[in-house]
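Working notes, beginning with the structure itself.
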Amino acid sequence: MSKSKAPVVLDDKGLPAGFLQHVKGFETIKVTSPEAGILLITLARPEKLNAFDEHMIREIRSVIWKANFDDTIRVVMITGEGRAFCAGRDIQGLDYENNLETSGYRAYVRANHEMFDDFENLEKPIIAVVNGICAGGGVEMAIASDFRIASSTAKFLLPENQLGVIPASGACSRMIQMIGIGRLKEMVMAALPVEAEEAHRIGLVTRVHPPEKLMEGALEFARHLLKLAPAAMGMGKQIINMCQNVDTETGRMLERLGQSILIKTTDNKEGMNAFIEKRPPRFTGR
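In case it helps, numbering that gives the first Met the number 0 puts the sequence shown at residues 0 to 285.
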């Protein structure tokens with residue numbers, strides 16, 4: 000006889016009891032839950048414009064890793080403390096990186112790429128709440144997220160060419176389909192900045208809000224996501240990401256495979272019943 004699954008005990012933030020306590024003690028980020036089901040990661044190196052180093056990478060990855068396994072975390076948001084979202088990799092670490100052997104350098108910066116891959120592989124929506132300066136690796140962090148909601152004062156910049164290099168942690172590969180080859184060359188080759196409204200026009204940003212309404216606007220969008228079926232959202236995220244890199248026939252096969260799983264879920268039945276009964280669905284992620 001199979002044992003019934005023990006119920007998950009939630010705290011007053013709607014998270015598993017002890018989750019926030021379990022992820023406390025970080026030095027470079029803050030982890031909070033503004034509302035039930037929503038996890039907020041705040042980059043907390045304002046004196047460095049929230050530039051990330053190896054320490055911050057490890058702390059962010061540990062939170063994203065834990066979020067994979069907590070069904071009560073339905074949406075993840077990431078923002079920056081102070082006047083910047085993220086200025087990219089901390090330039091003070093570049094001397095060490097630049098003196099590595101070529102193969103050692105590739106191994107060293109792989110952690111960068113794996114952090115952004117963690118964002119893409121989390122089967123839950125991630126919202127980058129871009130509150131200010133977003134440069135270099137900060138842009139790459141934002142585009143690895145599923146949605147980018149920006150302050151009207153935010154600015155996006157890929158300045159690597161000013162150092163004689165290129166943005167090499169996803170900007171070239173992820174952004175080409177997002178904003179097109181011409182605009183991407185302006186940002187990478189010419190290192191031209193893009194203001195928030197223009198970023199919205201070209202598809203780099205999902206929504207724009209005045210600075211004083213940015214977090215509430217992002218939370219309103221997160222609340223909308225909370226109403227939707229978690230499994231379908233996670234499956235849709237994975238298939239869309241994979242379809243960027245495959246031919247159309249393979250893409251359609253992936254869609255069929257994903258749908259064949261979702262059609263058997265309790266949430267699918269609940270969605271169908273709610274539609275027939277003309278009421279809001281109550282999704283459980285099952």
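For glycine and all other residues, C-beta sits at the position ideal for the given N, C-alpha and C.
In the displayed model, Arg278 falls within coil according to three-state DSSP, outside both helix and strand. With a 10 Å radius around the Cβ and a threshold of 16 neighbouring Cβ atoms, Gly36 comes out buried. Between the segment 248–262 and the segment 271–283 there are fewer than three C-beta pairs closer than 8 Å, too few to call the two in contact.
Put simply, the segment 153–160 does not touch the segment 96–116. Fewer than three CB pairs are less than 8 Å apart. Separation of Gln237 and Ser168 (C-alpha to C-alpha, rounded to the nearest whole angstrom) is 20 Å. Counting C-beta atoms within 10 angstroms of its own C-beta, Ser259 has fewer than 16 neighbours from the protein chains shown and is therefore classed as exposed.
Rounded to whole angstroms, Gln243 and Ser144 show a C-alpha spacing of 15 Å. Ala217 sits away from Val207, with the two beta carbons spaced by 8 Å or more. Using a Cβ distance threshold of 8 Å, Gly136 and Phe51 count as a contacting pair.
Taking the Cβ atoms as the reference, Ala228 lies roughly 17 Å from Phe146, outside the contact range of under 8 Å. Beta-bridge partners assigned by DSSP to Ser150: His208. In this structure Thr41 is in contact with Thr78, their Cβ atoms being roughly 6 Å apart against a cut-off of 8 Å.
Per DSSP, the continuous beta strand (DSSP E) segment holding Thr78 begins and ends at 74–79.
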